[in-house]
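Asks: In UniProt numbering, the protein residues as written are 1 to 727.
Right, dumping it as structure tokens:
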């Protein structure tokens, strides 16, 4: 409801921080209970549905959202993930303020502004071209020269604070509608049916990126691209800066945070983007966000709390000011217990009463104030649940590992179902080790409908029969989302096989790199996690219904040499690994060898020394032995490739060009090859078709010249989905 109000009706029911916390809670619940997850969940949505009042615009490239970081540690993790994937000696980032406005896309053809659209749901937005033409800083025609034939510019429409205050002052003076806040004011103004109304609103715009680009090229870095956009006439924030590494990002965050209250516009954080565009392409995307960018949120300037009393405070001049005594709450890094209500008129306007849930705001040195009352906000607590026997544990280990101690209710009747839930308990995250839920139970409130409870029971019962993909996702393994769980299930097919694999073998799956592979290996190495999985399977809480043989594709190039490469041993390339295995054809022989044997096998001295040091590392020898044994098991279980049915692209040559928004080049190649295609690097008359993403170059020109069929990204994604290879 809050998401729908925010994105579709430009109304803010709860503060951003509260929304972020609820979203994280929802994502955790869905991770623990995949059966409660569905495609309509707010966790899978980008923005909101386009309004039927406006014509729809399908974005040439999706307008995705960003992942969020709320701590220094999460920022360092973000940098570490990129470093582990790219192995760069220097990581440069473009850092910029995160404006609190409305995301839009501007389309220019041959330098002329032809269409503007809101983000909408990320795929389809609203055509607000006429309203965007009323914003003076948006160029009707591009300045300078050298712009692409087609250029989409992404940015934020916002309302400066001073203009917002001035507009509201005039509205009060003339009895007009007062805008709630600058963000809602900007969004509502842009979505007016009458462009003349939009023209009366003080809107502005900052560019922060690009979408579709055709018939031209952009610079190799994001920062240089922003500079080029400025040359072409787009406003770009002068607070944008290139910084190095995690320390540079955090220094920027603190600097902008210190200047936040003095800025001319509202911001709710800063955004970090890997500056190198090639690196961006290599990092790719997850379901609804890029891996190469993240939003670092500031401490909330608004929070929800409860009014415990309303008192009149007499100042030294004798002025009487109503003050709300609040349940203590952290706002902008300070504990707030009191907030001004200004005067009797404000109390009447808000209709605030003791016991109400309210939004309190504190910005800079401004006295905290109650800005609105949240009607009908109701949050379940532990004390409001009847007939639920919970074993609560503040331990912070995985939900699965702490969820399996049998505990049945003394009261209640009917079938007993088991599930794992997380509850908020008086400020602490309490973990329900086991939830025994009788069929006949009651909720201590009329706010919860019986049908909802029945649906919950049915969902828990249905979850006993699970697919391997859903179970892997539900385990809550770090970095393993739905797409990774799906790929693991498709490639390995059997939980018993997966849980025995050492981490290097997980890298056999396209799009699984060292970070994700290590996370998988670490999870299955933990005895507690293995015991928890055993308990789930043995007591019949979960039954996997789609176990099958591993994919024949696992056999391709799978040998001891490849295992050495996948283990990321310093200096060991495929060629060097092949030389080593030719001389020492088993893992045990490699472990027993002397350094001189490695040199005799053809390894350079520094590589030989590095291999010796690696083998002396903790558990590395066992990793190699286990990897070899499991590799042999995979080769025994996986069917021969010839036994597989022919793919729909067998014998066809396909060429990839340009940038795909939802797949990396390697991932697209792997999926096409899995369907039988040969992916080539050049276009010829024998090419079946060319897949052209954004910024496609000479290969697309060659395809058009030879009359070769050209597919865009939506067609490719539809084809892959049709044949069981979801992006």
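All C-beta atoms in this analysis are idealised placements derived from N, C-alpha and C, irrespective of residue type, glycine included.
Starting from the N-terminal side, write out each stretch of the beta strand (DSSP E) that is 3 residues or longer and does not extend beyond the segment 229-302.
Replies: Runs of the beta strand (DSSP E) inside the segment 229-302: 241-244, 267-274 and 293-297.
Asks: Using a C-beta cutoff of 8 Å, does residue 232 count as contacting chain B?
Replies: This model lacks chain B altogether, as it is built from one protein chain only.
Asks: In chain order, what residues of the same chain lie with their CB nearer than 7 Å to the CB of residue 232, ignoring the 5 residues before and after it?
Replies: Counted from its first residue, the chain shown places residue 232 at position 232. So the qualifying residues of the chain are 142, 143, 144 and 147.
Asks: Give the DSSP bridge partners of residue 206, in chain order.
Replies: Within the chain shown, numbered from 1, the residue matching residue 206 stands at position 206. Beta-bridge pairing links residue 206 to 156.
Asks: I need the DSSP call for residue 353, collapsed to helix, strand or coil.
Replies: The sequence position of residue 353 within the chain shown is 353, counting from 1. Of the three classes helix, strand and coil, the one that applies to residue 353 here is coil, per DSSP.
Asks: Given residue 162, which residues of its chain have a CB within under 8 Å of its CB, disregarding the five upstream and five downstream residues?
Replies: For the purposes of this step, residue 162 is taken as the residue at position 162 of the chain shown. Cβ within range, chain order: 264.
Asks: Should residue 253 and residue 204 be called a contact, given that it needs their Cβ atoms to be closer than 8 Å?
Replies: Within the chain shown, numbered from 1, the residue matching residue 253 stands at position 253. Within the chain shown, numbered from 1, the residue matching residue 204 stands at position 204. No.
Asks: Identify the continuous alpha helix (DSSP H) that holds residue 326 and give its terminal residues.
Replies: Position 326 of the chain shown, counting from 1, holds the residue named residue 326. Segment 320-331 is the beta strand (DSSP E) holding residue 326; no alpha helix (DSSP H) there.
Asks: Please tell me whether residue 201 and residue 185 are closer than 8 Å, where the distance is taken between their beta carbons.
Replies: In the chain shown, the residue the question calls residue 201 occupies position 201. In the chain shown, the residue the question calls residue 185 occupies position 185. Going by C-beta atoms, residue 201 is nearer than 8 Å to residue 185.
Asks: Would you mind sorting residue 686 into buried or exposed? The rule is 16 or more other CB atoms within 10 Å of its CB.
Replies: As a working mapping, residue 686 is identified with position 686 in the chain shown. Classification for residue 686: exposed.
Asks: Using the DSSP secondary-structure output, state which residues sit across from residue 151 in a beta bridge.
Replies: Working through the chain shown from its first residue, we reach residue 151 at position 151. Paired residues: 108 and 213.
Asks: Looking at the strands, I want to know which residues DSSP matches up with residue 128.
Replies: Sequence index remark: in the chain shown, residue 128 carries index 128 (1-based). Partner(s): none; residue 128 has no beta bridge.
Asks: By the 10 Å Cβ neighbour count, where 16 or more other Cβ atoms means buried, how is residue 659 classified, buried or exposed?
Replies: In the chain shown, residue 659 corresponds to position 659, counting from 1. Result: buried.
Asks: Determine the closest residue to residue 663 out of 609, 63, 286 and 313, with distance taken between C-alpha atoms.
Replies: On the chain shown, residue 663 is found 663 positions in, with the first residue counted as 1. It is 286 whose Cα lies nearest to the Cα of residue 663.
Asks: Does the beta-carbon distance from residue 106 to residue 116 come in below 8 Å?
Replies: One-based indexing of the chain shown puts residue 106 at position 106. One-based indexing of the chain shown puts residue 116 at position 116. The answer is yes: Cβ separation under 8 Å.
Asks: Leaving out five residues before and five after residue 446 in sequence, what residues of the same chain have Cβ atoms less than 7 Å from its Cβ?
Replies: Translated into the one-based positions of the chain shown, residue 446 becomes position 446. Low confidence applies to residue 446: its pLDDT is 32, below 50, so where it sits in the model is not reliable, and the reading given next is rough at best. For residue 446, where only same-chain residues beyond five positions count, there are no Cβ hits under 7 Å.
Asks: Which term fits residue 339, buried or exposed, when burial requires 16 or more other beta carbons within 10 angstroms of its beta carbon?
Replies: One-based indexing of the chain shown puts residue 339 at position 339. The residue is buried, with at least 16 neighbouring Cβ atoms inside 10 Å.
Asks: Report the rounded CA-to-CA distance for residue 720 versus residue 507, giving the unit in angstroms.
Replies: The count along the chain shown starts at 1 and reaches residue 720 at position 720. The count along the chain shown starts at 1 and reaches residue 507 at position 507. Distance between the alpha carbons of residue 720 and residue 507 is about 22 Å.
Asks: Should residue 189 go down as buried or exposed, given a rule of 16 or more other Cβ atoms within 10 Å for buried?
Replies: Mapped onto the chain shown, residue 189 falls at position 189. Label assigned to residue 189: buried.
Asks: According to the Cβ coordinates, are residue 69 and residue 295 closer than 8 Å?
Replies: Position 69 of the chain shown, counted from the start, is the residue given in the question as residue 69. Position 295 of the chain shown, counted from the start, is the residue given in the question as residue 295. Yes, these two residues count as a Cβ contact at 8 Å.
Asks: Under 7 Å from any heavy atom of the ligand SAM, does the C-beta of residue 355 make it?
Replies: Absence of the ligand SAM is noted for the structure shown, with no ligands found whatsoever.
Asks: For the beta strand (DSSP E) containing residue 98, list its first residue and its last residue.
Replies: Numbered from 1 along the chain shown, position 98 holds the residue referred to as residue 98. Looking at the DSSP string, the run of the beta strand (DSSP E) that includes residue 98 is 92-99.
Asks: Keeping to the same chain, check which residues put their C-beta closer than 7 Å to that of residue 509; ignore five residues upstream and five downstream.
Replies: As a first step, residue 509 is located in the chain shown; it is residue number 509 there, counting from the start. Answer for residue 509: 487, 488 and 491, listed in chain order.
Asks: Quick one: is residue 225 buried, meaning 16 or more other Cβ sit within 10 Å of its Cβ, or exposed?
Replies: Sequence index remark: in the chain shown, residue 225 carries index 225 (1-based). Buried, since its Cβ has 16 or more Cβ neighbours within 10 Å.
Asks: Between residue 626 and the rest of its own chain, which residues show a CB-CB distance below 7 Å, the 5 nearest in sequence each way excluded?
Replies: Within the chain shown, residue 626 is the residue found at index 626, counting from 1. Answer for residue 626: 502, listed in chain order.
Asks: Leaving out five residues before and five after residue 554 in sequence, what residues of the same chain have Cβ atoms less than 7 Å from its Cβ?
Replies: Taking the first residue of the chain shown as 1, we reach residue 554 at position 554. Around residue 554: 491, 508, 634 and 638.
Asks: Out of 594, 244, 558 and 619, state which residue places its alpha-carbon closest to the alpha-carbon of residue 631.
Replies: Here residue 631 is taken as the residue at index 631 of the chain shown, counted from 1. For residue 631, the nearest C-alpha among the options comes from 558.
Asks: By Cβ distance below 7 Å, which residues in the same chain neighbour residue 563 in space, the five residues on each side in sequence not counted?
Replies: Numbered from 1 along the chain shown, position 563 holds the residue referred to as residue 563. These residues qualify, in order along the chain: 504, 627, 628 and 631.
Asks: Rank 668, 677, 636 and 656 by C-alpha distance to the C-alpha of residue 650 and give the top, closest one.
Replies: Position 650 of the chain shown holds residue 650. The option with the nearest alpha carbon to residue 650 is 677.
Asks: Check whether the Cβ atoms of residue 91 and residue 242 sit closer than 8 Å, and answer yes or no.
Replies: On the chain shown, position 91 is the one that residue 91 refers to. On the chain shown, position 242 is the one that residue 242 refers to. Not in contact: residue 91 and residue 242 (Cβ atoms no closer than 8 Å).
Asks: Determine, using beta-carbon pairs with one atom in the segment 109-128 and one in the segment 297-305, whether at least three such pairs fall under 8 Å.
Replies: Contact fails: fewer than three Cβ-Cβ distances are below 8 Å.
Asks: Taking residue 369 as the reference, which of 169, 336 and 156 has the closest Cα?
Replies: Residue numbering aside, residue 369 sits at position 369 when the chain shown is read from its first letter. Looking at the Cα atoms, 336 is the closest of the given residues.
Asks: Buried or exposed: residue 210, going by 16 or more other Cβ atoms within 10 Å of its Cβ?
Replies: Position 210 of the chain shown, counted from the first residue, corresponds to residue 210. So residue 210 ends up on the buried side.
Asks: Rounded C-beta distance between residue 467 and residue 546? I'm assuming under 8 Å.
Replies: In the chain shown, counting from the first residue as 1, residue 467 sits at position 467. In the chain shown, counting from the first residue as 1, residue 546 sits at position 546. Confirmed, about 5 Å.
Asks: When DSSP labels each residue in this structure, what does residue 692 get in the three-state scheme?
Replies: Start at 1 with the first residue of the chain shown, and residue 692 comes out as number 692. Residue 692 falls in the strand class under three-state DSSP.
Asks: Please classify residue 166 as buried or exposed, where buried requires at least 16 neighbouring CB atoms within 10 angstroms.
Replies: Working through the chain shown from its first residue, we reach residue 166 at position 166. Classification for residue 166: exposed.
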